[in-house]
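Remarks on the structure that follows.
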Amino acid sequence: MCLPKQRIWSGPCPHRARSFSVIDRPLKRGQIWWVDFNPSRGSEQAGRRPALVVQSDIAHDSGYPLTIVVAMSTGSHGDEALHVNVDPSPLNGLNQSGTIKCEQLMTLSRDRLLSYSGVLEPRYMRKVEAALRQVLDLD
């Protein structure tokens, strides 16, 4: 199934992320995108917030209309086994510190991706990968 040619929110991002749609930029593992998580259920992340793409590039290149992300929240949280605290930088495009909540792993439609923010630095990505191995019991 292919993505529609004319889709995706086209205005400037309300959170100052660079204004690229998922159609304009191919998805890659390690990218940070602003995502619309509504509607949410229970303790799921809600609203518009950044998320880290963790799905493999091979899966993205297949044209599959879904992707796998890890939700982020503002501020820092103490559980270092499951959470990775990230500082803003020109590379990741974040404008404030945040936490990658590795227990909030979600498969969602690419239609939920609003705008591109940046790329997570390798030092943080290594921590995310370690946390995901714990969450998914892959060790």
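Take my numbering: the final residue in the sequence shown is number 166, and no numbers are missing along the way. Even glycine gets a Cβ: it sits at the ideal position worked out from N, Cα and C.
Should residue i go down as buried or exposed, given a rule of 16 or more other Cβ atoms within 10 Å for buried?
i    : result
P90  : Residue 90 is actually Gly in this sequence, not Pro. When all chains shown are included, G90 counts as exposed.
K128 : buried
R139 : buried
Taking a contact to mean a Cβ-Cβ separation below 8 Å, would you say residue i touches residue j in this structure?
i    : j    : result
L109 : P115 : no
N112 : S100 : no
Q131 : A98  : yes
Under 7 Å Cβ to Cβ from residue i, same chain only, skipping five residues before and after it: list those, please.
i   : result
V96 : V62, A78, L79, V80, V81, M133 and L135
A73 : F64, N65 and S67
DSSP state of residue i, grouped into three classes?
i    : result
V155 : helix
V23  : Here the chain comprises residues numbered 28 to 166, so residue 23 is not present and cannot be evaluated.
D138 : helix
A86  : helix
P161 : Checking the displayed sequence, the identity of residue 161 turns out to be Gln instead of Pro. It is helical.
R76  : strand
Using a Cβ-Cβ cutoff of less than 6 Å, which residues in the same chain neighbour residue i once the five nearest sequence positions on both sides are dropped?
i    : result
T126 : S100, S103, H104, H110 and N112
N119 : I59, G145 and L147
Which same chain residues, not among the five before or five after residue i, have their C-beta less than 8 Å away from its C-beta?
i   : result
R56 : V80, V81, Q82, S83, D84 and H87
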